[in-house]
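**Q**
Residue numbers (the UniProt record's numbering): 1 to 226.
1. For a test of the three-state rule: what should DSSP assign to residue 232, helix, strand or coil?
2. Apart from the five residues on each side of it in sequence, which residues of its chain come closer than 7 Å, Cβ to Cβ, to residue 60?
3. Could you tell me the distance, in whole angstroms, from the CA atom of residue 219 to the CA atom of residue 154?
4. Within the same chain, show all residues whose beta-carbon is closer than 7 Å to that of residue 56, passing over the 5 residues directly before and after it, in chain order.
5. Give me the DSSP bridge partner(s) of residue 55.
6. Between residue 79 and residue 62, is the Cβ-Cβ spacing less than 7 Å?
7. Using the beta-carbon count (16 or more within 10 Å), is residue 169 buried or exposed?
8. If contact is defined by three or more beta carbon pairs under 8 Å, each pair taking one atom from either stretch, is the segment 121-128 in contact with the segment 103-111?
9. Buried or exposed: where does residue 186 fall if 16 or more other Cβ atoms within 10 Å of its Cβ makes it buried?
10. Is residue 50 helix, strand or coil by DSSP?
11. According to the Cβ coordinates, are residue 198 and residue 214 closer than 7 Å?
12. Nearest by alpha-carbon distance to residue 75: which of 196, 65, 95 is it?
13. Does DSSP put residue 102 in a helix, a strand or coil?
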């Protein structure tokens, strides 16, 4: 494959995902590589903290102007103790703490409300988005049934050999994530015809977890496989 063909193939990279999708994707990657299957986070969509991701822990998290808050928004229109996010195994809710200017959920002024995946929280001009991650559910929806004794394909073995120098002991988990969740395949069903799709996803994931240079190098190695 020529350099031009490689550039054209890699053109559909992470910029094809909108900003919020990139943030959620990055969080999902970090969750799965930590060995956890579930998590939640709040992503700043606007304001000086745009792009910041705050992990939502169990219990109560406070949003406010006070520097002791779990999520600090240093704006005059934000009350010192503006709102709380209360999380448990069963889900999460947001509660307004009798703030001066109110808390909005999906453009509706609320006193308290259940938080669902992708809900938009607005305090003044600052917009945040809440994400719930359940990779167990995602896997059940996307992964086809595979025989346990199915051997990895010859192409998978070639891919593994190229990825291993970058991810070491995490190679199996990293590839499993890309192949199953993003391509709907398994190590036994991965084929040469999946090469370009796999290269694009590897470029996105490696770019988020490592850096763009490594991501480009890895993707090019996959595209060069025969």
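Glycine included, each C-beta is placed from N, C-alpha and C at the ideal position.
Computed from a predicted model, the values in this text were never measured in an experiment.
**A** Reading it off the structure:
1. Residue numbering for the chain in the displayed model covers 1 to 226; residue 232 lies beyond these limits and cannot be assessed.
2. Closer than 7 Å at Cβ, skipping near neighbours: 84, 86.
3. Taking C-alpha positions only, residue 219 is separated from residue 154 by approximately 18 Å.
4. If we look at residue 56 and ignore the five residues flanking it on each side, its Cβ neighbours are 40, 41, 42, 85, 87, 92.
5. In the DSSP assignment, residue 55 forms a beta bridge with 41.
6. No. Outside cutoff.
7. Exposed is the call here.
8. As far as the Cβ criterion goes, the segment 103-111 touches the segment 121-128, which means the pair count is three or higher.
9. Result: buried.
10. Assigned with DSSP and collapsed to three states, residue 50 falls in coil, not helix or strand.
11. Taking 7 Å as the Cβ cut-off, residue 198 and residue 214 do not qualify as a contacting pair.
12. Comparing Cα positions, the closest option is 65.
13. Coil at residue 102, not helix or strand.
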